[in-house]
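Going line by line, the protein sequences match chains A and B. Per this note's numbering, the very first residue in the first sequence carries number 135; after that it's consecutive. Per this note's numbering, the very first residue in the second sequence carries number 2; after that it's consecutive. Glycine is no exception: its CB is placed at the ideal position from the N, C-alpha and C atoms. Read through the structure below, which is laid out as structure tokens, and then see the notes.
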Amino acid sequence: MIKRDYQVLAENFLFFLNIFILFLLIFSSSLAIPQWLQPFGRLHPLLLHFPIVLLLMAILLELFRFNKKFINEPLYQNFTNWVWLIAAIFAAITVMMGLFLSNEPGYEGGTLQWHKWLGVGIAFNATAIYWFRNKHWYTIKIVRGSLGLLMALLIVGGDYGANLTHGENFVLAPVWHPEKKKVAIDKALVFNDLIEPIFQEKCTSCHNPNKSKGGLILVDEKSVLKGGKNGKFYAGGQPQLSLLLKRVHEPEQEKEHMPPTGKPQLTTQEMLLLYLWVKENAAFNKKVVDLPQNDSLRIIATNFLKPNDEKEIHFDFGAADEKVIKKLNNNYRTIYPIGQGLPALGVNIYNKKTYEPKVLEELLDLKKQIVTLDLNRMPVKDAELKTIAKFENLQTLILNFTDITGNTLKELAPLKHLNTLALSGVRLNSDGLAQIALLKSITKLTIWNTGLTDKDIASLKANNKNLAIITGYKDDGKPIKLNNPQIGNTNFIFADKVELQLKHPIKGVELRYTTDGTDPDSIKSAIFKPGTYINNNEFIKAKAFKAGWLSSDVVSFNFYKNAFTPDSIGYLAGPNDKYSGDGAKTLIDKDLGGTNFGNGKWIGSQKDLVIYMQFSSPKNLNTVTLNCMRNIGSQIFLPIGVEVWGGIDKNHLKLLSSIKTPIPLKDDPLLLKGMECKLNAGKTISYLKIIAKPIQKLPSWDPVKNQPGWVFVDEIFLN
Amino acid sequence: MEKDILEHRLQINRRHFLSKLSLGLGSVALGSLLIPNLFNGIGTGSDEDFIPGIPNFAPKAKRVIYLFQDGAPSQLESFDYKPKLREMMGQELPPSVRGNQILTGMTAQQKSFPLIGSYYDFKQYGESKAWVSDLFPHIGKIADDICIIRSMNTDAINHDPALTFFQTGAQQGNRPSMGAWVSYGLGSENKNLPAFTVLLSKGKGNGQGVYSKLWSNGFLDSIHQGVQFSSSENPVLYLNDQDGIDKRDRRKMLDKLAELNEMSAKEFGDPEINAKIQQYEMAYRMQSAVPDIMDVSKEPDDIVKMYGPDCLVPGTYAANCLLARKLSENGVRFIQLYHQGWDQHSNLPKEMAGQAKDVDQASAALVTDLKQRGLLDETLVIWGGEFGRTNYSQGKLNVDNYGRDHHPRCFSAWMAGGGIKPGLVYGESDEFGYNIIKDPVHVHDFHATILNQLGIDHKKLTFKSQGRRYRLTDVAGNVVKGIIA
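Take a look at the structure:
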């Protein structure tokens, strides 16, 4: 029978294959696979799918082979037999190819060994089943046993194979991430936590002890330093000579480009990180935080690493009862959760007057949960440290400016988590110093203004190397300049006399002043005392002095005497609408305008400003003074002329005074000046007309030459 | 507000009810397809996730002190060292550098854009080797405690919108201020003081206004509004008892008033009524807490030397810095300072020297002072203006007298404490100081980062108003990881 002949042929082929596999296994170490056979070996990952499917089919058919329905069905029986034969042959061929492939360089290690022996097991097992399945002792029990074994071999062996081709944990990787925790930056090592994870993610599926393509393994320091068959993996400090970077930066279509096309590629950040790692040639145990702050590697590292103690702070205690928190919370004791879903609490205590030890004792209901306690400026005594020591999870404790002596600080030693302690403003002595040294868990200590000397601090530092000590500002003893004297007077215009109110914000300052226009000095000039009065127009210059300080700048103030106030005032020729203040009375409101001409206290005009004043009873006037502004940049000049007319009423006026001012120069500074007109009247006056004339054609150097200028007056004084 | 009242009456509104009803397992399954990380425990950003008063995660910073330099100080005379501009002084700004940047009305008509380098020299300070101009020697000395960001950028080119953008995350000015958001998000640490306070000072330089809208609560409860502390005899207006009323009378009056208010709260359910009750109570407690804090007379001499003697002159920037430290020490969440006078369109070298003198020593002292009290770890200090200034001169150029116009594309700011990496210079501008070439930090990113340091996920800090949810960062913002320690 033809059919029969084929079967015999196939059976012989299967037998031969099995013998050949045995041969390959025994002599594998001394065999060299000829190059022309290599492509055959490399077909292993393709062909292996056939035996898997065929064997699964055979197993299924075999299971129902003794079923009454099929036991006498020749087609079923024959077909099953053939499926077994073909499956066994394919399994054997696949194993043979696999053995060829495994002899190529780059395949070694545990995973390969397991896969090899399991694969061989599958082929032998399948062959054995085919051979013995028609024996009389081949009962259903044996069927189940051998099928179970075969199934197990297929699954486990297949999985090892997948790991070889696609990398460790290929199948479950998308859903199962074994402990890929980001490391906090302060603990991270450059290699272990920055570089190695890149290798693990993108390189080690082909460069591991099981499958070391190019002889390169990238699993640890040793293997990375060793390099591959093409030489050293990288040249420290010389990125341009490093094979790693060359391969990484090769165009993607190039054969040498790594990772190979089709595999997950490196991101730009990762490439940059590798570049910087090679460039800086960092030691393998170098910490990220040991790099300089502005180091590129360090800056990029922050994107990869977890900030010091970020979001997922873990607390191993439970949350407190909300009701307890609510009950203990009051206006001067704030209890707040650190964050949503976190059991930890912070507590701030306020108000010296309501503080008492009980405020802390009551908090013992929350002794597990409180991690931050702020007692800034509270009159906390040494005894309360015992209470505080019971907050077992306390991390931050602020005791600035409290009344503790520091001599019992060791009470805090049981607080294993206490890392931050602020003692600024607490008077500490050598006893206190010794006590601080006993608090081993502290990493940050604030001791500004505690009286500790540099020597004390050095000894603390020597005692605990991880301790960061903040000492704060120290007065270097260099004198600094005093700020200027201030004037308390709000009104610089007076009728009779006024008290001079000089003051200075710093205690113990001596204020000296002059009235003659000279700068005050620290010896001769008058010392200001409260109760000093000014009786006349006075130009005061004042300066502050204090031992140990540089003296202040000189400040000056004008005081104006104004003996008479008219009973009515008005414009005859009005000012500009924009600068009309609060009507003409602005000119006698005893409120000076300062340097800002737009503040409503200044009256401005581009035409002659004509003002009248009336007195109900005649007055004996000697002077009329117009306080005017000069601000060249804004075209404000002193009036080029001022005329004062007076008489008993508006119909009987005489020119009593007329003054003129020269045209200013381009660079004349801002000036406030009282333009004083002496009246040569000698008689009493009931009506005054005052004319202030602005320049009608601005000088040629002015940007708006030939236009009229401005005249600005803020106050008129009559004496 | 009306909706809250309505909801109180109906207990539940229609849309809420219907949306609850239609949510079945099916929509959850669909949701997991559309939102891949639905089951990963990462929130989906709905406001249900947000519990006001508790940080989303353990924060680095508990408080913020924002030293706002109002008017926009020039980055080129402060923290962004550009020697190239001195070399090229008087030469035209290359059009390729300017690109499509729009200009303000003040220089748009200018025919020439002559580059001008800093009138002041720069020095490198500290281990970080940060470049700081000679105008800020004290800030230079704390270079290793601060993180200088040279790559800030904003959308607005004029003061008011830019300032409003920095303060509220929007340019229009009806949104809650950052301090109000923080107050809403984290609540008050000290129930005797407002969570958000404001301090103003003014330099001699050309100034721009600051308005109370900048510390507004917007649509949040009015309890989150910034409280301005003034330098006058009454630091908080209307806080003191009227003549003839003593503490006991006030207590009685408040108790009675609270009763009445509670009655109407029950009747109308208007949350503003409850806010009002709380405000009255806080004001009562502030009566004793505030004078204590405002009293700087007990500060020792070395503190006065550290901040500069002006810290004893009420209303100065130095005094406000000292107050900011005291307020912060007492648990005020957000302290907003404004120092006006940084708008140097002309006369820059002289005016800026004056401004710098106002702020340099006290800003540095504040950082040092917090540090020496162990508080810098939990307090975030921010220094910066609303935008930067151009690298070319506005108006006529003299070596010792020039001006700079507004420049939103690139400017500098610094932060200290609160879990920000110290001794870092972050971001980089081109050699003209005009464009950012590395690590830009937009205003939204800046906000996201500040909130992150406070333990708030900026995507979760939301409030529903007029039918939509609002965030400080709108729909943008990324936490700037590179500056986080």
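Asked	Found
A/G349 beta carbon less than 8 Å from that of A/K363	yes
Residue-chain proximity (B/P56, chain A), Cβ-Cβ < 8 Å	yes
Chain-ordered chain B contacts of A/N534 [CB-CB under 8 Å]	R374, G375
Status (buried if at least 16 other CB within 10 Å, exposed otherwise) for A/H895	In the structure as shown, chain A starts at 135 and stops at 853, and residue 895 of chain A therefore has no counterpart that could be examined.
Limits of the unbroken beta strand (DSSP E) element including B/I438	437 to 439
Three-way DSSP call (helix, strand, coil) for A/I153 in this model	helix
Residue-chain proximity (B/K192, chain A), Cβ-Cβ < 8 Å	yes
Residues from the region 331 to 352 of chain B in contact with chain A, defined by Cβ distance under 9 Å	N331, G332
7 Å CB neighbourhood of A/L143 in its chain, flanking five on each side removed	none
4-residue-minimum alpha helix (DSSP H) runs that sit fully inside the region 180 to 230 of chain A, ordered along the chain	183 to 197, 202 to 205
Interface residues of the region 548 to 580 of chain A facing chain B [CB-CB below 9 Å]	T554, L555, A556, L557, S558, G559, K578, L579, T580
Chain A residues whose Cβ lies nearer than 7 Å to that of B/V426	N428
Cβ-Cβ distance between A/I332 and A/L408 below 8 Å	yes
Cutoff 8 Å: B/V29 Cβ touching any chain A Cβ	Because B/V29 carries a pLDDT of 47, less than 50, the predicted location of this residue cannot be relied on, and no value is offered for it.
Interface flag, B/I224 vs chain A, CB-CB below 8 Å	no
Within chain A, the residues that B/P60 reaches when beta carbons sit closer than 9 Å	I472, G473
Beta-carbon spacing of A/D742, A/K827 below 8 Å	yes
B/G27 burial status per 10 Å Cβ neighbour count (16 or more: buried)	Only weak support is given to the placement of B/G27: the predicted model assigns it a pLDDT of 45, under 50, and the value that follows is read from those uncertain coordinates. So B/G27 counts as exposed.
Closest residue to B/S79 among B/A284, B/R151, B/P95, B/V481 (Cα-Cα distance)	B/R151
Nearest candidate by alpha-carbon position, reference A/I657, set A/E644, A/K663, A/I256	A/E644
Range covered by the beta strand (DSSP E) that runs through A/A835	The sequence as given places Trp at residue 835 of chain A; Ala does not occur at that position. Counting along the chain, A/W835 falls outside any beta strand (DSSP E), and DSSP gives it neither H nor E.
Supposed contact pair B/H225 and B/P301 - C-beta distance, whole angstroms, cut 8 Å	That belief does not hold up - the Cβ atoms of B/P301 and B/H225 are roughly 35 Å apart, past 8 Å.
Min CB distance A/T436 to chain B below 8 Å	yes
Beta-carbon gap between A/G606 and A/W582 smaller than 8 Å	yes
Residues bridged to B/F69 (per DSSP)	B/Y339, B/G385
Near-chain A residues of the region 447 to 461 of chain B - C-beta to any C-beta below 7 Å	G456
Cut-off 6 Å between Cβ atoms - residues of its own chain near A/L586, not counting five sequence neighbours on either side	L562
Proximal chain A residues relative to B/D303, where beta-carbon distance stays under 9 Å	N583, Y607, K608, D609
CB contact check: B/P195 to chain A, cutoff 8 Å	no
DSSP three-state assignment for B/E300, whether helix, strand or coil	coil
Residue range of the beta strand (DSSP E) that includes A/P700	A/P700 -> no beta strand (DSSP E), and no H or E assigned at all.
Cβ of B/T380 within 8 Å of any chain A Cβ	no
Pick from B/K460, B/N154, B/H346 that is closest to B/N402, judged by C-alpha positions	B/H346
Residue interval of the alpha helix (DSSP H) (run including A/N297)	274 to 300
For A/P173, the three-state DSSP class (helix, strand or coil)	helix
Neighbour-count burial assignment, B/A325, 16 or more Cβ in a 10 Å radius	buried
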